[in-house]
Structures are given as structure tokens and as C-alpha cells.
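Peer 1: Residue numbers (the UniProt record's numbering): 1 to 78. By construction, the Cβ of each residue, glycine as well, lies at the ideal position given by its N, Cα and C atoms. All figures in this text were calculated on a predicted structure; none of them were measured in a lab.
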């Protein structure tokens, strides 16, 4: 999955304009993504890109767009 594809899914699920979604953007503080939207986002990403479960190490993995992308691309490469 490319970062652009990843950004597009975030925009589709969260209804956040694509230009606001960048690697350092905080889901909670900058994009106003709440916990339910985050669950929906993870479900959509795993379904769309055929990912199985992935290993969250801490809540920091879900803090920014870049941290979630890194986690998901690590899972994708397994």
C-alpha cells in the first residue's frame, strides 16, 4: 500500500480533507478522529489491503498518521 492510498482511506473514512492528512498529523488533535472513527479506520484499512491482525505495541502506534502507516506497512511485509 502506498502512502497516498493510505491517506485516501483515512480521508474517506474520517471525512477529513486529504490536504490535512500528512505523516506528522495527530489523529486526535489535528484530524479530530475519535475512537469510533479510529476503529472504523483500522477495520477498513485491514479489509481493503488484506492485512490480518497487527501488533500494537502502545497507544503511540495510533497517535499519528505516520506511526499507523509504519505499523501497517510492517504487517503488510510479513
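Assign residue 7 to buried or exposed, taking buried as 16 or more other Cβ atoms, counted over all protein chains shown, within 10 Å of its Cβ.
Peer 2: Buried is the call here.
Peer 1: Check whether the Cβ atoms of residue 63 and residue 13 sit closer than 8 Å, and answer yes or no.
Peer 2: Here residue 63 is not near residue 13, since their CB atoms are 8 Å or more apart.
Peer 1: Around the Cβ of residue 33, are there at least 16 other Cβ atoms within 10 angstroms (buried) or fewer (exposed)?
Peer 2: By the 10 Å Cβ count, residue 33 comes out buried.
Peer 1: Within 10 angstroms of the Cβ of residue 18, are there 16 or more other Cβ atoms? Answer buried if so, exposed if not.
Peer 2: exposed
Peer 1: Out of curiosity, what's the CA-to-CA distance linking residue 52 and residue 73?
Peer 2: 12 Å
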